[in-house]
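Here's the structure, in structure tokens; my notes come after.
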Amino acid sequence: MEKNTSIEKAAELIRQHSRIVFFGGAGVSTESGIPDFRSVDGLYNMKYDYPPETILSHRFFFEHTAEFFRFYRDKILITAKPNKAHHFLARLEDQKKISGIITQNIDGLHSDAGSKKVYELHGSIRRNYCIKCGKPYESTEMHKEPFPLCECGGLIKPDVVLYEEPLDDLTVRGAIQAIVNSDLMIIGGTSLAVYPAAGLIDYYRGKDIILINKSKTPADYMASVVINEAIGKVFGEIERILYPLQNDEGKDY
Ligand code: ZN
């Protein structure tokens, strides 16, 4: 009963606003089958010689390059499809209701769903470049064993922000701009535990926040609506409220 009320309230807020900023994390991708690094059933349970945080660090990339890429190919460079959460946000952007989509995920699924105003705080597995000459490479190149090399002999590095590396300045500034310009913030699929990314929500100046996450977060007290459920499911229900006629059963999402 209470849950339905929250979903209706969230739908009403989304209906009323036209400069919505979305701030999302790993939970947005779990429904596409991508494991969450930090959740119990995420990557920490996997058998590797080092914890994921060590493997996905700047130092490890250069000191144990082959081991890094073995893990990268196995756990990070996986094929996935956008889910209801990605599709719903793309639909809102089509309706000119989106100020920006800020994600901590590196899987590129928001772009796959058709979103344009995407700020990938931690980079993307879709972009790769030679660390010597800067030449860009397709992700397919990254499957080469033991590690991918440029024609100039340089190592090819995925454009993802590794541990020990700073966030990209332009991306952060774009994300802050999107937040400052927004009139409604939706935080979804993130426990807001990863800094500095999580600190960006402090730039929000609007009145309402919708928070959708399976577990509690430090920002729950700031939100007008808190829904502790999977975000794809919640967005699916909100979409049915907002666009009841267009949603036929046979559709792909
Ligand atoms: Zn090169």
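Residue numbers for the sequence shown follow the numbering used here, beginning at 1031 and rising by one. Beta carbons: idealized from backbone N, C-alpha and C, even for Gly. Just so it is clear, the structure is predicted and the values come from calculations on it, not from any experiment.
- Only residues of its own chain outside the window of five on either side were considered, and among them none has a CB closer than 8 Å to the CB of T1170.
- With contacts defined by Cβ atoms closer than 8 Å, R1157 and D1189 form a contacting pair.
- Here I1132 is not near Y1159, since their CB atoms are 8 Å or more apart.
- Distance check between G1164 and each of L1185, L1222, K1146 and M1172 places L1185 closest, using alpha-carbon atoms only.
- Pairing S1254 with V1202, the inter-Cα distance amounts to about 26 Å.
- Exclusion of K1187 from the 7 Å shell around the ligand ZN follows from its C-beta lying no nearer than that to any non-hydrogen atom of the ligand.
- Cβ neighbours of A1041 within its own chain (closer than 6 Å, five residues either side excluded): I1268, I1271 and L1272.
- In the DSSP annotation of this structure, the continuous segment of the beta strand (DSSP E) that includes D1189 starts and ends at I1186 to V1190.
- With a cutoff of 8 Å on beta-carbon distance, L1222 and L1043 are scored as not near each other.
- Note: M1215 is bridge-paired with V1051 and I1239 in the DSSP secondary-structure output.
- Selection around the ligand ZN by beta-carbon proximity, strictly under 6 Å to any non-hydrogen atom, yields C1160, K1162, C1163, K1165, C1180, C1182 and G1184 in chain order.
- At a Cβ-Cβ threshold of 8 Å, R1045 and N1211 do not count as neighbours.
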